[in-house]
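Novice: For reference, the structure I am asking about is given below.
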Amino acid sequence: MKLHLVLAAATAFASVSFAAVTADAAEPVVAKLRDAVPAKTKVIAGGAVFLCDGTECVAGAPASRTIATASCKELAKSVGPVASFGDARKQLADDKLAACNAVATSDTMIANR
């Protein structure tokens, strides 16, 4: 009888813990690019792997520091200017996007074509 109670309690705890982790799972971070990348590309920025295709780069498993100007700059250095950067809850402001895009030079864009 005690074993059944212990197993039931452990199962309930595991279910609640799993539900909490699922509820707190980060939303994907999406960067909309000004220009399309010439081929599918992977870029590591802000502790996340961005998969870039066309005019969109998506980090499906972002870190807590992924939505930041520094992360946007890392991405822009590799794929060129970014039109928007963030998830459904938080987007970089225009002034931060401008700072991000300051590092995207024409050399970067030529290297990726």
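Numbered according to mature numbering (1 follows the signal peptide of the UniProt record, and there is no 0), the sequence shown spans residues -19 to -1, 1 to 94.
Virtual Cβ for every residue (Gly too), placed ideally from N, Cα, C.
Check whether the Cβ atoms of A85 and G61 lie closer than 7 Å to each other.
Specialist: In this structure, G61 lies closer than 7 Å to A85 by Cβ.
Novice: Sorted by chain position, which residues of the same chain lie with C-beta nearer than 8 Å to V24's C-beta, five sequence neighbours on each side aside?
Specialist: Within the same chain, V24 has close Cβ partners V30, F31, C33, C38, E55, L56, S59 and V60.
Novice: Just reading off the beta strand (DSSP E) that L14 is part of, what are its end residues?
Specialist: Run containing L14: V10 to L14, per the beta strand (DSSP E) assignment.
Novice: Enumerate in chain order the residues of its own chain whose CB-to-CB distance from S65 is below 8 Å, with the five nearest sequence positions on each side excluded.
Specialist: For S65, where only same-chain residues beyond five positions count, the Cβ hits under 8 Å are V11, A12, K13, Q72, L73 and L78.
Novice: Buried or exposed for S52, please, with buried defined as at least 16 other CB atoms from any protein chain shown within 10 angstroms of its CB.
Specialist: Answer is buried; the Cβ neighbour count reaches 16.
Novice: Where do the N-terminal and C-terminal ends of the alpha helix (DSSP H) with A52 fall, by residue?
Specialist: Sequence check: residue 52 is Ser here, not Ala. It spans T50 to V60 - the alpha helix (DSSP H) in which S52 sits, taken as one unbroken run.
Novice: Compute the Euclidean distance between the alpha carbons of V63 and D75, then round it to the nearest angstrom.
Specialist: Those two C-alpha atoms are separated by around 11 Å.
Novice: Pick from R46, A20, R70 and G28: whose alpha carbon is nearest that of E8?
Specialist: Checking every option, the nearest Cα to that of E8 belongs to R70.
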